Amino acid sequence: MANNLTRYDPMRELMRIDPFRGLDDIMRDFPLASVLRGFDTDRRIRVDVTENDQDYLVKADIPGVKKEDIRVSVDGNMVSISATVQGEQQQTSGDTVYSERYSGAQFRSFSLPQEVDDAKTAAKYEDGVLHLTLPKKPGTARKQIAIQ
Numbered sequence: 006m007a008n009n010l011t012r013y014d015p016m017r018e019l020m021r022i023d024p025f026r027g028l029d030d031i032m033r034d035f036p037l038a039s040v041l042r043g044f045d046t047d048r049r050i051r052v053d054v055t056e057n058d059q060d061y062l063v064k065a066d067i068p069g070v071k072k073e074d075i076r077v078s079v080d081g082n083m084v085s086i087s088a089t090v091q092g093e094q095q096q097t098s099g100d101t102v103y104s105e106r107y108s109g110a111q112f113r114s115f116s117l118p119q120e121v122d123d124a125k126t127a128a129k130y131e132d133g134v135l136h137l138t139l140p141k142k143p144g145t146a147r148k149q150i151a152i153q
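Sequential numbering from 6 applies to the sequence shown in the numbering used here.
1) May I have the straight-line CA-CA distance separating residue 129 from residue 107, to the nearest angstrom?
2) What residues are listed by DSSP as bridge partners for residue 126?
3) Between the C-alpha atoms of residue 100 and residue 67, what's the straight-line distance to the nearest angstrom?
4) Please state whether DSSP places residue 72 in a helix, a strand or coil.
5) Residues bridged to residue 56 by DSSP?
6) Applying the 10 Å Cβ sphere with the 16-neighbour rule, what's the burial state of residue 10?
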């Protein structure tokens with residue numbers, strides 16, 4: 006048997022340590038990991054805004070909401086849409102295996118290039134889509150300035 010002496014280097018041992026080793030195992034075994042993987046954190050109301058000469062036309066996806074739970078407000082060129090999704094009563098028997106449906110408040114606010122005539126606005130909610138017709142206020146159009 007050979008008598009080999011090896012110098013101890015503590016830095017060498019530290020360099021071999023992976024600080025994230027086992028983190029994957031911890032997260033995989035985390036009780037809510039399967040729920041969190043499928044969790045959509047973006048709860049904003051999604052909108053499409055188009056315009057013609059007289060109006061802005063807004064389509065907002067708000068599925069699963071009663072029209073009584075939707076609020077729309079217009080202040081100048083700012084449009085705000087909010088909705089409350091009412092969740093069902095939780096059943097008391099049995100365990101939940103998977104739950105993705107959302108309940109709570111959703112909100113979206115955005116500005117338009119031109120002020121809106123709030124006295125002539127119209128809203129309709131149909132098949133989970135909110136349709137807004139927002140007439141442009143006369144005299145507030147953008148003007149192109151000629152450069153001399």
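Even for Gly, the Cβ is constructed at its ideal location relative to N, Cα and C.
Owing to the predicted nature of the structure, the values given are computational and were not obtained by experimental measurement.
Well, looking at it:
1) Spanning the two alpha carbons is a distance of roughly 23 Å.
2) Residue pairing for residue 126: DSSP places it in no beta bridge.
3) Roughly 29 Å between the two C-alpha positions.
4) Looking at residue 72 - three-state DSSP - the assignment turns out to be helix.
5) DSSP lists 61 as the bridge partner or partners of residue 56.
6) By the 10 Å Cβ count, residue 10 comes out exposed.
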